[in-house]
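If you use the numbering used here, the sequence shown closes out at 206, no skipped numbers anywhere. C-beta atoms are modelled at their ideal positions from N, C-alpha and C, and glycine is treated no differently. Have a look at the structure below, then the notes.
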Amino acid sequence: MSPGDLIYEDYNKDGRIDDNDIHPLARNNQIPGVNFGTTISLSWKAFDLNMLFQGISQYWVEYTESWTNPLPFGRNGLDIFMDRWHKEDIFDKTSAWVPGKYPSTLSKAYNGRPSLFWRYNASYVRLKSLEVGYSLPGQMLRKAGIKRVRVYVNAFNPLTWSKLKFVDPEHSPGEDGKEYPIVKNYNIGVNVTF
Numbered sequence: 013m014s015p016g017d018l019i020y021e022d023y024n025k026d027g028r029i030d031d032n033d034i035h036p037l038a039r040n041n042q043i044p045g046v047n048f049g050t051t052i053s054l055s056w057k058a059f060d061l062n063m064l065f066q067g068i069s070q071y072w073v074e075y076t077e078s079w080t081n082p083l084p085f086g087r088n089g090l091d092i093f094m095d096r097w098h099k100e101d102i103f104d105k106t107s108a109w110v111p112g113k114y115p116s117t118l119s120k121a122y123n124g125r126p127s128l129f130w131r132y133n134a135s136y137v138r139l140k141s142l143e144v145g146y147s148l149p150g151q152m153l154r155k156a157g158i159k160r161v162r163v164y165v166n167a168f169n170p171l172t173w174s175k176l177k178f179v180d181p182e183h184s185p186g187e188d189g190k191e192y193p194i195v196k197n198y199n200i201g202v203n204v205t206f
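Now the structure itself:
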């Protein structure tokens with residue numbers, strides 16, 4: 013054991029910490045308990061607004077591998093990996109320990125056991141799309157042979173509300189959050205009808 017290692021409860025009170033101490037911690041399922049979405053469309057005079065919200069709840073993920081084996085397969089580690097217990101000088105076994113939020117990787121077999129410490133609430137609400145438009149008055153356009161002109165701005169994935177801050181909540185826990193992030197797009201456009 014090393015400083016900063018997790019402390020496990022001897023759940024079955026047999027004097028040993030082993031697989032017999034494992035018990036349900038939270039909803040243990042790769043499928044969210046609730047999926048939801050809603051659209052909102054509003055218009056006022058020449059303006060229009062469209063929004064699509066989507067999210068999940070009752071969903072917990074576990075990123076144990078990211079903390080106990082942060083650089084598998086030549087990948088980069090997550091930023092929060094730096095906030096862990098480590099030696100002041102990694103080449104000197106007698107150097108002092110520097111505290112962190114997460115345990116060191118020296119005892120990864122021990123620290124990688126199932127625990128609420130590694131579980132994260134991955135529930136979220138995401139504004140998947142937002143579009144604001146304005147239709148120009150028809151009188152001016154008819155003289156130019158144009159029936160309609162609508163100017164708009166839109167955004168895809170502009171906002172996400174989630175307690176999970178270090179990875180995108182839509183990423184599967186099997187990839188330990190090391191996937192390419194969901195892209196945010198912002199556009200300006202014009203629709204012209206002749």
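Find out if the Cβ-Cβ distance for the pair TYR132, TRP72 is shorter than 8 Å. yes
Tell me which residues share the same chain as GLY112 and place their Cβ nearer than 6 Å to its Cβ, disregarding the 5 neighbours each side in the sequence. ASP95, ARG96, TRP97
Can you list, in chain order, the residues of its chain with a C-beta nearer than 6 Å to that of VAL46? Leave out the 5 residues immediately preceding and following it. So the qualifying residues of the chain are SER69, GLN70.
Let's test the definition: count the other Cβ atoms within 10 Å of the Cβ of TRP130 and tell me whether it reaches 16, buried, or not, exposed. When all chains shown are included, TRP130 counts as buried.
Between LYS25 and ILE19, what straight-line distance do the alpha-carbon atoms span, to the nearest angstrom? 15 Å
Could you give the residue range of the alpha helix (DSSP H) that holds MET152? 150 to 154 is the span of the alpha helix (DSSP H), which, as asked, contains MET152.
Give me the Cα-Cα distance between MET13 and PHE93, rounded to the nearest whole angstrom. 19 Å
When the Cα of GLY67 is compared with those of THR205, GLU191, LYS175, which residue comes out closest? Per the Cα distances, LYS175.
Taking only runs that begin and end inside the region 125 to 181, name each unbroken alpha helix (DSSP H) of 4 or more residues, in chain order. Counting whole runs of 4 or more residues, the region 125 to 181 contains the alpha helix (DSSP H) stretches 150 to 154.
Please identify the residue among TYR192, PHE103, GLY157, GLU74 whose C-alpha is closest to the C-alpha of GLN42. GLU74
Taking its Cβ as the centre, do 16 or more other Cβ atoms sit within 10 Å of ARG138, making it buried, or is it exposed? buried
For VAL195, which beta-bridge partners are listed by DSSP? Bridge partners of VAL195: none, in fact.
If you reduce the DSSP assignment to three classes, tell me which class ASP33 lands in. Residue state, collapsed to three classes: helix.
For the beta strand (DSSP E) that contains GLU74, what are its first and last residues? From DSSP, the beta strand (DSSP E) with GLU74 extends over 72 to 74.
Cβ separation of GLY145 and ASP17, assumed to be a contact under 8 Å, to the nearest whole Å: In this structure GLY145 does not touch ASP17 by the C-beta definition: roughly 57 Å separates them, more than the 8 Å allowed.
With 16 other CB atoms within 10 Å as the buried threshold, where does LYS177 fall? Per the 10 Å Cβ criterion, exposed.
Can you tell me whether DSSP reads MET94 as helix, strand or coil? helix
Going by CA-CA distance only, name the one from ASP30, ALA58, ASP33 that's closest to VAL161. Minimum Cα distance to VAL161 is reached at ALA58.
Closer than 6 Å by C-beta to VAL163: which residues in its own chain qualify, once you throw out the five before and the five after it? Chain order, please. Within the same chain, Cβ atoms closer than 6 Å to the Cβ of VAL163 are found at TYR146, VAL202, the five residues on either side in sequence being excluded.
Using a 10 Å radius around the Cβ and a threshold of 16 neighbouring Cβ atoms, would you call PRO149 buried or exposed? exposed
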